[in-house]
Structures are given as C-alpha cells and as structure tokens.
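*Asks:* Each residue of the sequence shown is one higher than the last, beginning at 884 in this note's numbering.
The beta carbon of each residue, even a glycine, is placed where N, CA and C say it ideally should be.
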Amino acid sequence: MSGPLPFPSRQPSQKAHPTRARAGRRWQGALGKGLAGLLACAGLPPLAAAWGAESAPAISAHSTASLISASDTASPGSSLHVALRLRLKPGWHTYWLNPGDAGDPATLRITATGALRGEAQTIVWPTPQRIRDASLMSYAYTGDVVLPVVLPMVRPVEPSAGRPPAAQPGQTPDGLGAQGLTTLSAHANWLVCAQSCIPEEGTFTLTLPVGAPRPSAQVGLFTQAEQHTPVPSPYPVSISPTGVLGVQGRELNRQSVAQAWFMPQERGRIGEAAPQALLFGPEGLALRLDPTADFTPAKPLSGILVLKAPDGTERALSVRATPLPPPMASEPSIAPSARPATEPNTGTTSGTAAEAAAGTATGGTTAGTATGTAMGATSPDPAGDYPAGEQPMAGHLAALGNGVPGPPHGGGESASGLFRLVVLGFLGGLVLNLMPCVFPILAMKALAVARMGQSERLHQKQSAISYAAGVILGFTALGALVMALRLGGAATGWGFQFQSTMFVGMITWLIFAMALNLLGVFVFLPPAFALSSSPRHGLVHDLLTGLLAVAVASPCTAPFMGVAIAGALAGPPATGLVIFAALGIGLAAPYVLLAFCPALAKSLPRPGAWMDYLRQFLAFPLLGTCVWLLWVAAVEGGVTTVLLVSSGMVFLAFAAWVYGITQRRPLHAGHDRDCTALYGVALLGLLAAMALLPALLEQAPQAGANPPSASGPGLSALPSGTEAFSEERLRALHNAGKPVFVDMTAAWCITCLVNERMALNTQATQAAMARYGVITLRGDWTQRNPAITAFLRKHGRDGVPFYLFVPAHGAAVVLPQILTPGLVIGTITPHDK
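#1: Is it a yes or a no for the stretch 1016-1032 touching the stretch 960-972, going by three-plus beta-carbon pairs under 8 Å?
#2: Starting from His964, trace the beta strand (DSSP E) both ways and give me its first and last residue.
#3: Since I believe Gly1085 is in contact with Ala1071 (beta carbons under 8 Å), could you give me their beta-carbon distance rounded to a whole number of angstroms?
#4: In whole angstroms, give me the CA-to-CA distance for Pro901 and Arg992.
#5: Pick helix, strand or coil for Tyr1350, following the three-state DSSP scheme.
#6: Can you round the beta-carbon distance between Pro1009 and Thr1112 to whole angstroms, since I take them to be within the 8 Å contact cut?
#7: Which one of Val1102, Asn1618, Arg1661 and Ser1079 has the shortest CA to CA distance from Gly1693?
#8: Per DSSP, His1070 forms a beta bridge with which residues?
#9: Check whether the stretch 1347-1355 touches the stretch 1470-1484, taking contact to mean three or more Cβ pairs, one atom from each stretch, closer than 8 Å.
#10: To the nearest whole angstrom, what separates the beta carbons of Ala1204 and Val1127, a pair I think is in contact under 8 Å?
#11: Count the other C-beta atoms from every protein chain shown that fall within 10 angstroms of the C-beta of Val945, then say buried if there are 16 or more, exposed otherwise.
#12: How many angstroms separate the CA atom of Gly915 from the CA atom of Thr1066?
#13: Give a yes or no on whether the C-beta atoms belonging to Glu1149 and Ser1185 are separated by under 8 Å.
#14: Check whether the stretch 1137-1154 touches the stretch 977-988, counting contact only when three or more Cβ pairs, one atom from each stretch, lie closer than 8 Å.
#15: Rounded to whole angstroms, what's the CA-CA distance from Thr1710 to Ala1642? Just pull it up for me.
#16: Please classify Ile1708: does DSSP put it in a helix, a strand, or coil?
#17: Beta strand (DSSP E) containing Asp1425: first to last residue?
#18: Within 10 Å of its beta-carbon, does Ala1586 have 16 or more other beta-carbons around it, so buried, or fewer, so exposed?
#19: Does the Cβ-Cβ distance between Leu1064 and Gly997 come in under 8 Å?
#20: Helix, strand or coil, according to DSSP, for Ser1415 in the structure here?
#21: Taking the beta strand (DSSP E) that Ser1530 falls in, what are its first and last residues?
#22: Specify, as a first and last residue, the run of the beta strand (DSSP E) that Leu1161 falls within.
#23: Just grab the DSSP bridge partners of Phe1022 for me.
#24: Can you tell me which of the three DSSP states Arg1556 falls into?
#25: The alpha helix (DSSP H) that contains Ala1653, what's its start and end?
#26: Compute the Euclidean distance between the alpha carbons of Thr1703 and Asn1644, then round it to the nearest angstrom.
#27: Could you spell out where the beta strand (DSSP E) holding Phe1145 opens and where it closes?
#28: Given a cut-off of 8 Å on the beta-carbon distance, is the pair Met1385 and Leu1505 in contact?
#29: Using a Cβ-Cβ cut-off of 6 Å (strictly less than) and excluding sequence neighbours within five positions of Ala1108, which residues of its own chain qualify?
#30: At what residues does the beta strand (DSSP E) containing Gly1103 begin and finish?
#31: Residues bridged to Tyr978 by DSSP?
#32: When DSSP labels each residue in this structure, what does Glu1134 get in the three-state scheme?
#33: Are the beta-carbon atoms belonging to Ser954 and Arg1137 less than 8 Å from one another?
#34: Could you name the residues that DSSP lists as bridge partners for Thr1605?
#35: With DSSP run on the structure shown, which of helix, strand or coil describes Lys1191?
#36: Taking C-alpha atoms, which residue in Gly1308, Ala1536, Met1389 and Gln1012 lies nearest to Thr1458?
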C-alpha cells in the first residue's frame, strides 16, 4: 500500500450526463437479447462474452464510471461481486465512507431482475488515502477506483406455490426464466474534487446469463480492491475518555511500526487534521487523538488503523475501540516509554511520550510540530522526504526572508497572533500600491486625486470612503471565495482566478473599456448625466473602482502579504476575513488619507487643462496591461484564446464608440429615435463580446493536463542551469549534496516576471549560481498544478512568487517576494566563502 492505490480516491467531480453511453447500453442490450434468442433456438447455452462483465461507461470531463462484475455469469443461491469502477483523471479524487473535513461519500444501489433477483447497496470500502489541505484532512481515493458490493442472487418465487416457476417452452434447461438472463440495474452518485468539487451520477445496466460461476476479465480489479480492504484487528483496542486509542500487542514496537494513524468511520468525533502522537509501551502502542465536542466517551469508536512498517509497507486494520471507564487512570493500559515519538505527517519530535499520554502537550495535542509541514501538504506522507537530520523543508522556516516569522499554528488564533497577522496584512496592502501589477490602479487613483482639486470637500470624503468600501469588500469577498473553495476540497490559492482563461479574457475586456473611457471614447455614466457640462462620477463608480483594484491586484504578492494570506487561510473563517479586510484597508489607505487631510490636498496642482491630458495619457498603461494579459491568455490557452479575446476587444471598442456617439448626439440634436436605435446597436456590440465567453471557457486547460513536474507552457524555454520543478528532483539533488534554488512563478504574476528580469536572470546572479553549483528548479503555476499548490502550502504560502534556497547542508532559507541581485547572491554564497 505504499504506492498509488488502484481503487477509489478523493477527486473533484461533475454531473455526468452520458447520452451516448445510454444509447450504447440500449444497443448492447438489444444485441445481447437477440443473440441469446438465436442461441436458444439453436439449442445452445447462452454465451457470456456476448454481454461481458462491464457496462457501458458514463464519461465526464473528470472521470469514467462503469459497473463491473467479478463473474461472467449469475448463479442462483450465491453472491455476485459487483462494483462501481471510477477511473479518475490525474489530480482528482473521490471520497471514503467518512470523507473527513469536507466532501461526501459515493453511493451505489443495484437491483437484479429477470432470471434471478437481488438488491444491494452496502459498499465494501477499501482503505483510503489521507489528503491534507492546510488545516483540513480528507479521506479519499485517486486513480482507478473500485467500490465493491456483494449482491445476493436468488430465484424468483411464485407467490401462489412458494416455489420457482415451472419451465416453459423456449426456456433454458434449468428453467430459470426467458433465455436465462439476469439484468443488473444500478444508480450511483459520487463527488470528485480537485480545484473544485463536482457531483456526478450515472445509471448503468449489465446483462449476465445464468450459469456456473466463471471469472470475468475484471476479476483482477476485485482482487486488488480486496487486498486494500482493511482486515479485522487481531489486537484488543480501547479508547479512553480523553481520546487515547490503545492497541495491545507485544509485537507492536518501534522495530515493527514506524508510523501509525487512525481514520474514524464516523465524521466529527475527532479532529481529522490534528496530529496523532504515537506512543510505545511494553504492551503495545497508543495514539493520542483530538476529541471534538461530539466525542462521546462511553460510545465505541470504529474506523481504520493503519500501521506502517520501517520498510514502508502498510497494514490496514478494521477496529472497534472499546470505551474505558472514567476511573483514576483513564488512559489505556499501555505504559508509554520515555522516548519521544514521531508524529505522522510531520516527521518531527513532539515531546516525550509520557507528556503526550498525560495530556500536558500544548493545546491538548502535542507540542513541537514542524513549522513547514504543519501548514498542510496534500501529500499523504511527507515525512521521510529527506535523511534524518537533513530535512531542510521542516522546522527551518520560522524566519522568513523579509524578517517576519511564519504564521503560527491555527492561523493566529491567539490575540497576539491575530494582531500580528492583521498588521502584516495592512502593511502588505499598503506596499501593494507600489507593485507593478497595480499600476493601472495607480492610474485611476491619479485621476481621482486630480478630481479632488475641483470637487466639494464633502464629495471628496464620500468618494474616498466609497472607494475604500469597494477595496475592502473586494478583498473580503475574494478571501471568502478562496476559503469556501478550500472547505469544499479545492486546492486553490491567492491569484487562482488568473488560472482561468475566461477570467483573464473578462479582466482584459474590463481594463480595455477603462482605457477607452480615459481616451474619451465614452463615459461610464447614464446618458442624462453625460449631458452635464461637468459630469461628476457617483459613489457607485468609486465603489466599482475599488472592486476593480482588487481584481487587478490579486495576481501579486507584496512583501508581508504571503505570511498574512497563509495565516488567514489556515485559521478560522472569521479570523481570515479580518485579515483580508486589513489588506483592503492598507490598499485604500493612501487615497483615504489624501481625501481627509486638507494639507495634502492643497499640495496638489490646481485644476486645469493638464487634467485632460493626464487622463488620456493614463490610458496607455492600461492598454499595456491589456497586451500583458493577452500574453497570459496565449500562455494558458494558445493562439485560439488570443483570437477570441482580441475579437471581444473589437466588439467592445465598436460598442463603446457607438455609445459615445449616442451620449454626445443629444447635445446637438436632442434625444430622438435615432438615439434609441444607436443604443441598441451599442448593446449588440456588447452582447457579441459576451457571446464569446462560452468559447473562452472551452479553451480552459484541463486540470492535471500537464504532469506535475512539467515546467508548463509559460516556461517552455528554461535558461541554462534551470530545470522544471518537482519534489522528486528536489529530493534527488539535495541527497546528492547539490544546493538548490526553488523559483515558484506564473505568467500572470508581474512581480515574478520583474524579479526574473531584474534579479534572477542577470549576468551577475547567473555567474554566482554557476560558480557555487546552484541548480534552479522553476515551477510554473500559470495553470492549476496540484503539486505546486501542495508545495506552497507545505511552506506556509498560498500564492506566487515564492523563493526557497536549499543549501547542500544546513537550514533552508525563504527569500522575500521582492528580489535584488545582491540579496540573491548573498543568500546562495556559502558561509565559508
């Protein structure tokens, strides 16, 4: 069980609607029955291969589902082994009986009719994988998933006689119904998750002849599923009122068990993602679980206990822990040794076993977990990635490159931790005003500042408050969306929306419309207001400007932001929203300060003709941003995507031009029917652009289309000395004694591109890397890549850029988001040089 499991795994899913599959099943059934009739007329027995032991598949974008049978025939008085087979696309998973912190289990209902009858719906669940996502834990399956069901088969009984029906002319010799056929009808529902979670369902039909059992071509899948099904525990298991799971067995010692973990059958009784401290004693082992408010000490606890041997082999045991009475010593009767135990999933020492058993560890669990891995990698077992004593990814990330310590466990649940993250969020939002990807927002702010010279004082303050409200609303809404998607099982991070070609196209069109507005093609006002000699933008316009600022700023990660966002996403939702609001306050602070400080406002130039020229000039940075976004669209979806986005820009330009003519026409001829017609023409242009959205959505890259180790389309031409990132390659280089520089980037991240041009790809930096033998591993997060997402979260980050230097010996170093050649060279230079 050390490798990928050949049975169900948690993956995102969609509603399957297999029209072609239903048509295929109708043809298959008709052909099968016709052939069976011909065989019966010829006096020959039914031919099982005419129908096979697998139904027609239900195919969706994320999975291929079918109903399979272990036998080519159905036998009366015996049980038929049937299963739902799910072949999941890479990066997708589906859920166990207890999905964990998020998700829903698959359901399957099978009915047999015809020569034999039967019903079943109880799935024999194989052992799932554990998938950690930040502070959440899920139990799931990946790859080729087989969910078996045992279907009892009996003969139909005549109610009047209480016996099987008599044989009729044309029946098979055993007298078991028309042509001796049994039809299996099944309906299944399952949830698949990756970047999103999608419910899927399918209806399946399988026709089998009656006869002696005969193994089918799919019997090997059932054998594999059985090998991964937990067996009853040979050891007595108990659970204490404080949540310590005791397993009695003298052979369960440090020589036979390297790691152990427990997965409860019932959701909500223990903290699924909490560390489980492993303790050893002379009579066996114990796991300290994290009881929740729904934990009932007097109720047995059922689930799967997995024991992992030092050689990597795993044994899954089905256990039912007997509750211990609450007397004095309420722990299981296992005297823990005084040696420290290693927690699974962290590979870090968690205090002495005695301290854990006594419940003295911090927070009621265990102390001393690793700073890096505790953030929650999606890898089921990141421990052991590096040799003992040389784990650069675990425990060395407390001091970040920008001088700010990493987020505390729990996302800053304490008052001091929350205050620190709020301050970091505010500073990150403040610095975001100077980031290159926010330059279009600086343009809009400059126009707002210019307007303040001729506006009333009250309107200045109202405008600033509306803009700030839009920014704060945008940050909190985007943060809430990311948290909701993660709770639903999606592997999302900061800037995830720019991984969608449709979003890139829509934001390109919006910025292009803003540029046309600045050039005077049209104004963002209703016709009645546009006729005014000095039109003034309303508060709604300021609110929308704030929302646009957040949309354009989202692909950037300024200094301080990485720690704040990671802490926000790792903690409770309420705490996360407070931190995201602090980011918005920081981004809006300069404009608000200018509006509420008369001394600063008086320092601005007096209003004049220069304002019109500045307004038109600031359109060109926006047009430059459109060019950059077109390049991002080309990287993500290819030339077809660029063609669609460019066509939409043409339609929008036409609509804006006609709308601008309509706005100016009443100044000369008054409003007439021609104006109404022109408004209709402008609307048609807008609708023509919107009609391209479905085609843009079809250009979206499929999740998992690129292998996790691929550099991606945006990094197809890697510089000399740079390789595509993968954790396997990182481990191999580190074990070989090579220093490694990890560069996580994306085509839509302007900060990343500026760092590459100004710091990483300079002649001085490249010469230093060659001199010290540093290998650069570059990961491309332009498109969704679960492996990179997991790596980022393992190190407490939820967005790019992210830079990590792993020396040949010693602690790993996290660099800040803004790089300089001197900073990079100083980091990679060995201390003895």
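*Replies:* In terms of the structure at hand:
#1: yes
#2: Ser962 to Leu971
#3: 6 Å
#4: For Pro901, the pLDDT reaches just 41, beneath the cut-off of 50, and the residue's location in the model is therefore unreliable, although a value from the coordinates is still provided. Cα-Cα distance, rounded: 18 Å.
#5: helix
#6: The beta-carbon distance between Pro1009 and Thr1112, rounded to whole angstroms, is 5 Å. This is short enough to meet the 8 Å contact definition.
#7: The option with the nearest alpha carbon to Gly1693 is Asn1618.
#8: Arg992 and Thr1086
#9: yes
#10: Actually they do not touch by this definition, with Cβ atoms about 10 Å apart.
#11: The sequence given here places His at residue 945; Val does not occur at that position. Label assigned to His945: buried.
#12: Low local confidence applies: a pLDDT of 46 at Gly915 is under 50, so the model's placement there is unreliable, with the coordinate-based value given in what follows. Roughly 11 Å separates the two Cα atoms.
#13: yes
#14: yes
#15: 12 Å
#16: helix
#17: Element bounds for Asp1425: not the beta strand (DSSP E) but the alpha helix (DSSP H), Leu1422 to Ala1436.
#18: Below a pLDDT of 50, predicted positions are generally treated as unreliable, and Ala1586, at 40, falls in that range; the measurement from the model is reported next regardless. Label assigned to Ala1586: buried.
#19: yes
#20: With a pLDDT of 47 at Ser1415, under the threshold of 50, the predicted position of this residue should be treated as unreliable, though the coordinate-derived value follows. Residue state, collapsed to three classes: coil.
#21: Counting along the chain, Ser1530 falls outside any beta strand (DSSP E), though it belongs to the alpha helix (DSSP H) covering Val1522 to Arg1547.
#22: Looking at the DSSP string, the run of the beta strand (DSSP E) that includes Leu1161 is Ala1160 to Gly1164.
#23: Per the sequence presented here, residue 1022 reads as Tyr, with Phe not at that position. DSSP output for Tyr1022 lists Arg1013 as bridge partner(s).
#24: The DSSP-derived three-state label of Arg1556 is helix.
#25: Gln1646 to Arg1654
#26: 11 Å
#27: Gln1142 to Pro1147
#28: no
#29: Phe890, Pro1009, Val1029 and Pro1031
#30: No beta strand (DSSP E) contains Gly1103, which is instead part of the alpha helix (DSSP H) from Val1102 to Gln1110.
#31: Per DSSP, Pro988 and Ala1023.
#32: coil
#33: In this structure, Ser954 lies away from Arg1137, with their beta-carbon atoms at least 8 Å apart.
#34: Beta bridge pairing from DSSP links Thr1605 with Thr1659.
#35: DSSP places Lys1191 in strand when its eight states are reduced to three.
#36: Gly1308
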